[in-house]
Each structure stands twice: as structure tokens, then as C-alpha cells.
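Residue numbers (the working numbering), protein chains in the order written: chain D, 1 to 251; chain X, 252 to 502. Beta carbons: idealized from backbone N, C-alpha and C, even for Gly. It should be emphasised that the depicted structure is a prediction, and the values quoted were computed from it without experimental measurement.
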DNA sequence: TTCTCTAACTTGTTATAACAAGTTGTTGTT
DNA sequence: AACAACAACTTGTTATAACAAGTTAGAGAA
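Quick look at the structure:
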């Protein structure tokens, strides 16, 4: 039952995907004006409500900004992708550099899967608990360590409901965004969720993984992510060192 | 030029405010079904696009969840309000409590204004810098300390562009949400923004403010918040202790 | 009683239409 | 040359309409 809503193509979603791809692949660059609603009508033969719905999605996802009387302006792409992405940290919190630091310098993000996806019960020590009914089911559990330019930056646990994801264990998580995978392969899109944030100190195994002293402060971010499928939510727990890099997000 | 768009009442926004008030004031409780689109049509004499636009706003702001064929379901209210709110922390991160902890227990959030709003240049040590043009203007700067049940939890610096906010210094910031105030008094609504997150250790003055030892980890959250007014963005820098409470957000 | 199917709800998608309102460049006047 | 007014764009708001699709409860058959 993959992609069961492709039966009727959902035109506004189709247009969204087209424009989104054009933006992410650089066909439209930050600051550019998207074709006007009228142009899109002429090009795609879709009517105003449909086009507006597609553009609304792009606004919601932070790809464009609309300006009455002017047009739809493409926003700069989020750097890493995901709800929160990483950014090179300003040299010293006590001083603000006037000239932009090398935020946009080449950041090679690599992902190392420490524990490959396998079936398990819902793990302990997660700040969210699924509803009782879901606890009976099994979950895919995996752990990965993400590095920027070879330096470990954050350690992440992912817990996904298994019954909606046939064949997940076969797919590569290495260099693909989880969001991308869920949307394109399983037709599941993120619609919202909850997150809990706190600052702790690195415990021994974590400190070794991230390569920081045991006492250093570490950011912890737990999430429950809800999707268009009402009984599909996944969970993640993330530990990040933020001495050289910090978490960056749009909302 | 306050509330200049009240000239034409913007019916979908009006309906949004009505429903939103009914939800926040408990007239509709979590789990309730909102009146159907048809009922709203009968009651308010607004047509489907208008009603749907109002409901979409409520969805976007996390007040309701829509379910095709069923209706619009009221979601539980966010606890504190703001982009991120506070929540009582689970007793120990090493153990997950099966029974819900007292998250929803009475939390009396009080706000103490340490530095009342006054005109100043854009301060140093903020992780966001306004565009050069805006730096020429003056800003309202204020500092406040927010406590839960009398215990200091986070310290916040707020920087607001002064030219759009006549008479701001006269308004009380004490027990009113900044969002609420901007929306109702100045007709400015938050549309998005950026945030940067990191974990640090408390320095001496901060440690004293929050009542924590100097070495304890502290969460820092800097934001640039964009609004419907294109040249109105405000900035905030927040330091939170997360040993007894943690930050909680919806997205 | 239990099950199945249907009718009557609900929201979702798309089309057409008319006017309001913000932006920008151009035209024409001073 | 500077300015004002306008025309031609843009998106925003609201109305009307028809059909698709998910949900639910009740009627009727087994």
C-alpha cells in the first residue's frame, strides 16, 4: 500500500513538488521571484485555488515568502535539512562578529549508522511515550552519529512504527534525509509534532561518542513527529555538542 | 496607525479570533468537535473559502486538528504560550515514568521585568544581526526573568524595532504574552523566523539570576522573529535552566 | 442478535468569478 | 529634472458551485 494516493495525482501537491524541486535544485535561487499565479495558470492549466494551495504549502515549509503586489520570493534554503539543521558556530559567544563568519562554508555532513534499523520494543529513556495502543506494536530502532567535516556533532536515536514501513530495513539511511525518504517512498509527510529541549552534561559513553570531556554541556532534543497518516508518529532523541556548531532552525 | 487593517474587518481573521477565544477560554475543550463548516456557515453567514481559511489558521497555530469525514477536533492547549513553553520536567532522565507526571499541575508563571523597555542601539552578544539598514534605527531593549512557581527558570533579552511600536514603553509586559500584545494592539502577527540553539555553562551573573551553580549547563535560545509586516522583525535571546523544567514546543 | 449496506453527515479538491489592495514602472505635467 | 498620477502588473479576499472521499449511525437483512 505504498503511495496509495497517487491514484488521483493531487494537483496542488504535484505543483508543490515541482516548484519545490526547482527551488532545491537551484533552478530558482534565493531572492528570485517565482512565476506569478497567472503564469503558473498558463503553464500548468491549474486554477487559482489549486495554485494558491501549492504556494501556501511552500510558504508553510519555508521555501518562499509571498508579498502582495510583488510576487512570491524564494527564500534561502535551510542548510542541513530536517526540523533543525547545524550551522558553524560563531567564534565566541561573548563577541559578535560584524562580518559574516563562514556559516556557508563547505560543510560535509556524514552519517554513521551505529545501530542499524531493527525491530524492538519502544526503548526507555525517551521523553515522549506513545499512546498505550501503539506500545503493543513493534518499532524500528536505530542509532546514528552525524559528523560535520569529520567531527562528531550529534548522536541520534530514531524510533519508527514498524507496521507502516515495509522493507525499511533494506533502505539506506546513510546519506538520505529521513523526511525525504518518508515523503517519496512511503508518501508520508510531516505535519507537526512536539519537542522537548534541555541542557545536560555529557555522560561517559556519550562523551566518548562525541569526543568531548565528561563535564561539558550537551543539548538534548526529543521529538514526537506527527504525519498526514493519523496513526503514524515517529520519535527521536538527539544529543548534540554545541561548542563548535550550534543547532539552527526555521519556523 | 494602530490597527489600520480594521477598516475592512477581514472576516476570516475575525472568525479565527472568535474560535480561538472560544478554545482558549474553555468553551470548546480538548477533544471536542468544532461546529462543522456548514454550521459555521449558518451561524456566521460566511462562505466556505472564508471559513476554511479561518480553520486553516487554527490548524497552523496548533489549536485544532482536522479529520476528513469527521470534523475539526480541538487539541489540548499549549501550556505556557509562546513559540516554546515550559513544562515540568520528568523526575529523572534515566527513567521514564509510565504514569503521566504532573505536567499539567498548576504552574504559576510570573514575569519580573529586570530592565524596563527603553531605547537603545542594537545590543552586542546576540546571535542574530539585523540588516545594515535597520541597525541605524533605535530599538526597544528589555530584560525579564520568568519564574515558575516562584523559581527563576529563564532569563530573556528582547529587542524590538522602535519605529513600529508607538507607546510601547507605557504598556505592561508583566503578565501579558508578547505575541498577544503585538497581535491585538499593533495588528502584527508572527509568521516565522530563525532560531539558534546551544548548551553552555552558566556564567556568574546568570548563575546568580537563575539560582544555579556556576558550572551547571544552561540552554541558550536566540531567535529572530519575522512578522506580517515585512520590515518588522524582533529578536530575543533566552537563557534557561533545564534541571527542574524543560522547554516544550509544538511545530 | 449480528452483520452489511446505505444514507447522511463530515472535510477535501478543484473550478470560475469579481473585486480589493499593494507594487512598480511609465507617462505626462510642472 | 522632479514630481504626480495613472496603468498594468502582482497577491489577497470573498462568493458560488459541483463533486470526491472519509466517517458514522441507523435501517434492514441474515
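For the pair residue 194 (chain D) and residue 486 (chain X), the Cα-to-Cα distance works out to about 23 Å. Taking all protein chains in view, the Cβ of residue 478 (chain X) is crowded by 16 or more other Cβ atoms within 10 Å, so the residue is classified as buried.
As computed with DSSP, residue 240 (chain D) is found in a beta bridge with D:154, D:219. About 6 Å separates the beta carbons of residue 469 (chain X) and residue 199 (chain D), which is inside the 8 Å limit, making them a contact pair. Residue 17 (chain D) carries a helical assignment under DSSP once its states are collapsed to helix, strand and coil. Those residues of the stretch 455-479 of chain X placed with their C-beta closer than 7 Å to a C-beta in chain D are 468, 469, 470, ordered along the chain. Here the alpha carbon of residue 433 (chain X) sits roughly 15 Å from the alpha carbon of residue 482 (chain X). Residue 317 (chain X) is bridged by DSSP to X:323. At a C-beta separation below 9 Å, residue 248 (chain D) has these neighbours in chain X: 445, 446, 447, 448.
Going by beta carbons, residue 126 (chain D) and residue 237 (chain D) fall inside the 9 Å limit. Between residue 263 (chain X) and residue 297 (chain X), the C-beta gap is smaller than 9 Å, which places the two residues in contact. For residue 398 (chain X), the enclosing beta strand (DSSP E) covers residues 390-399.
Contact between residue 139 (chain D) and residue 160 (chain D) holds, with the beta-carbon distance rounding to 6 Å and staying under 8 Å. For the pair residue 239 (chain D) and residue 210 (chain D), the CB atoms are nearer than the 9 Å cut-off. With its beta carbon at least 9 Å from every one in chain X, residue 25 (chain D) lies outside the interface. For residue 110 (chain D), the secondary structure class from DSSP, reduced to helix, strand or coil, is strand. Taking 8 Å as the Cβ-Cβ cut-off, the stretch 308-323 of chain X approaches chain D at 311, 313, 318, given in chain order.
Under the DSSP assignment, residue 213 (chain D) falls outside any alpha helix (DSSP H); it carries neither an H nor an E label. For residue 300 (chain X), the closest Cβ of chain D is nearer than 9 Å. Residue-level contact by beta carbon fails for residue 54 (chain D) and chain X, as no gap is shorter than 9 Å. For residue 452 (chain X), the chain D residues whose Cβ falls inside 7 Å of its Cβ are 217, in order along the chain.
If you ignore the 5 residues before and after residue 475 (chain X), its C-beta comes within less than 7 Å of the C-beta of 379, 444, 445, 484, 486, all in its own chain and listed in chain order. For residue 284 (chain X), no Cβ of chain D is located within less than 9 Å of the residue's own Cβ. A direct Cα-Cα distance of roughly 44 Å separates residue 283 (chain X) from residue 32 (chain D). Residues of the same chain with a CB within less than 8 Å of the CB of residue 317 (chain X), apart from the 5 flanking positions on each side, are 306, 310, 323, 324 in chain order.
Contact note: residue 242 (chain D) reaches chain X through 448, 449, 450, 451, 471, using a C-beta cutoff of 9 Å and chain order. The alpha-carbon of residue 38 (chain D) is positioned some 19 Å away from that of residue 27 (chain D).
Among the residues facing chain X, residue 19 (chain D) is not included, as its CB has no counterpart in that chain under 9 Å away. Contact of residue 127 (chain D) with chain X is assigned, a C-beta pair being separated by under 9 Å.
Straight across, the Cα-Cα distance linking residue 10 (chain D) with residue 109 (chain D) is about 34 Å. The distance from the Cβ of residue 16 (chain D) to that of residue 57 (chain D) is about 5 Å, consistent with a contact at the 8 Å cut-off. In the displayed model, residue 278 (chain X) falls within coil according to three-state DSSP, outside both helix and strand.
Judged by DSSP secondary structure, residue 384 (chain X) falls within the alpha helix (DSSP H) whose first and last residues are 383-386.
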